[in-house]
Amino acid sequence: MTIHKGKCFCGAVEIEVLGPPEAMGYCHCSSCREWSAAPVNAFTLWQPQNVRVTKGAELLGKFMKAETSNRQFCKRCGGHLMTEHPPLGLVDVYAASIPALKFSPGVHVNYAETVLPMKDGLPKLRDFPAELGGSGVAVPE
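Residue numbers for the sequence shown follow the numbering used here, so the first one is 144 and each next one is one higher.
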């Protein structure tokens, strides 16, 4: 099984993800934008058992603004690493945190909230796919 290693901004917290992600894409919701301080968030979704903190677990801080997202960061540098999504049963490991993983986005979620329109030919969903509890409704590029 392929292992990809990642770390926070200062390197105090290290992680591993195992195998292929369940999905990759871009999230345009205001929560992701505000948390990442960027106009869009590049996500990779993993089964929780395939995400491991291998160093610095005691430095892993957590912030839960809503029950849908348990955001995790390094308490030393503030570097964002991942977000647990309990309702989805998945963990979003930020694509930038695992640089060796070839990022191959397949979808834009929460595109109705975008502040950075992207014309890349990928599906643009108003919110989330229906199988993940969203409407599954596509919006124009």
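C-beta atoms are modelled at their ideal positions from N, C-alpha and C, and glycine is treated no differently.
Exercise for the section: From the DSSP output, read off the bridge partner residues of I146. Expected result: Paired residue(s): L161.
Handout entry: Residues that W189 bridges to, as DSSP identifies them
Key = V234, per the DSSP bridge assignment.
Practice task
Spell out the partners DSSP gives R214 in its beta bridges.
Solution key: Paired residues: F206, T226.
Exercise for the section: Work out the CA separation of R219 and G168 for me, nearest whole Å. Expected result: One C-alpha to the other measures close to 28 Å.
Problem - Member of E284, I146, D270 whose CA lies at the smallest distance from the CA of W189 - result: Per the C-alpha coordinates, the member of E284, I146, D270 positioned closest to W189 is I146.
Problem - the region 254–262 touching the region 161–175, judged by at least three CB pairs closer than 8 Å - result: Verdict: yes, contact present.
Exercise for the section: Measure how close the beta-carbons of A185 and Y254 come, nearest whole angstrom, since I'm counting them as under 8 Å. Expected result: Rounded, the Cβ-Cβ distance is 14 Å, inconsistent with contact.
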